[in-house]
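Taking numbering that gives the first Met the number 0, the leading residue of the sequence shown gets 0, the next gets one more, and so forth.
Yeah, the Cβ is synthetic: ideal placement off N, Cα and C, and Gly gets one too.
Structure, as structure tokens:
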Amino acid sequence: MTRIFTQIDELRAAAGTTMGPTEWLTIEQSRVDGFADATDDHQWIHVDVERSRHGPFGATIAHGYLTLSLCSYFLPQLMRVEISGMGINYGLDRVRFPAPVRVGSRIRRLENAKAMKVVAVTDFAAIGYKVLLAVGVQVQGRPAEHVAQELARLPEVFSVHVVTGARDIETLVALHDFDELHSLLLRDIAKIKGIRSIECGIAAEVVKYNFEVAPIS
Numbered sequence: 000m001t002r003i004f005t006q007i008d009e010l011r012a013a014a015g016t017t018m019g020p021t022e023w024l025t026i027e028q029s030r031v032d033g034f035a036d037a038t039d040d041h042q043w044i045h046v047d048v049e050r051s052r053h054g055p056f057g058a059t060i061a062h063g064y065l066t067l068s069l070c071s072y073f074l075p076q077l078m079r080v081e082i083s084g085m086g087i088n089y090g091l092d093r094v095r096f097p098a099p100v101r102v103g104s105r106i107r108r109l110e111n112a113k114a115m116k117v118v119a120v121t122d123f124a125a126i127g128y129k130v131l132l133a134v135g136v137q138v139q140g141r142p143a144e145h146v147a148q149e150l151a152r153l154p155e156v157f158s159v160h161v162v163t164g165a166r167d168i169e170t171l172v173a174l175h176d177f178d179e180l181h182s183l184l185l186r187d188i189a190k191i192k193g194i195r196s197i198e199c200g201i202a203a204e205v206v207k208y209n210f211e212v213a214p215i216s
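As structure tokens, then:
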């Protein structure tokens, strides 16, 4: 619901309160291509779909400044100022891009404690991934953190967690089809030093894959 302000004091009093979240917006390739044309930033990770499938992110990604510019789209969903006069864009503080936004992801905006959080949720099917795997890794003879860092560099790996219990590392892996599974396990993961064993489970149905909070700092 859009919050309406009619007095300056109302704006001051709203500092530190939560507004939103907004509706989701899917980042499509056509939007990224249009931004590339407008800014003359045609780096292949943004516009070359085929090459990006084999790149570090597994798909094309939105420009960081495209994501930032969508503040103009999201802000009217959060608030409207009905005060006589005009306002201008003064600037931004502490803008960071902590994670890439893949084409096919959905984003929305949340205002909380005077900070903007842009949340991205990947729609795996939209970017061509048909197989999701939960991979558990046991480590021996090497710090689990070091093994996890190497796993995180693989473009097929979407998340990596160092955990306690029967496994040392848990990962979420996305593949375009089952033909890629053999080479991933034997060519890529199995060759990382320190891995003692691998347990792999296929995600038959994704019930929830949703990050509601994105870090600011």
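When the beta-carbon positions are compared, R166 and Q137 come within less than 7 Å of each other. Runs of the alpha helix (DSSP H) lying entirely within the stretch 158-183, each at least 4 residues long, are 178-182 in chain order. Segment contact: the stretch 2-11 against the stretch 89-96, fewer than three CB-CB distances shorter than 8 Å; contact not assigned.
Contact between V146 and I194 is confirmed by a C-beta separation of about 6 Å, below the 8 Å threshold. Sequence-distant partners of P99 (beyond 5 residues in either direction) whose C-beta falls short of 8 Å from its own C-beta, in its chain, are F56, I60 and A61. Distance between G164 and L153, taken at the CA atoms: about 24 Å.
A buried status is given to S51, since no fewer than 16 other beta-carbon atoms sit within 10 Å of its beta-carbon. Here K192 has R141 as same chain residues with Cβ atoms under 7 Å from its own Cβ, once five neighbours each way along the sequence are excluded. For R30, the enclosing alpha helix (DSSP H) has its first and last residue at Q28 to T38.
Proximity to A14 across E22, F4 and Q148 peaks at F4, based on C-alpha coordinates. For E198, the beta-bridge partners assigned by DSSP are G135. In the structure shown, the three-state DSSP call for F4 is strand. If you check the CB distance, E155 and V134 do not come in under 7 Å. Looking at F177, E49, R101 and H181, the one whose alpha-carbon comes closest to that of I26 is R101.
Using a Cβ distance threshold of 7 Å, L24 and I82 do not count as a contacting pair.
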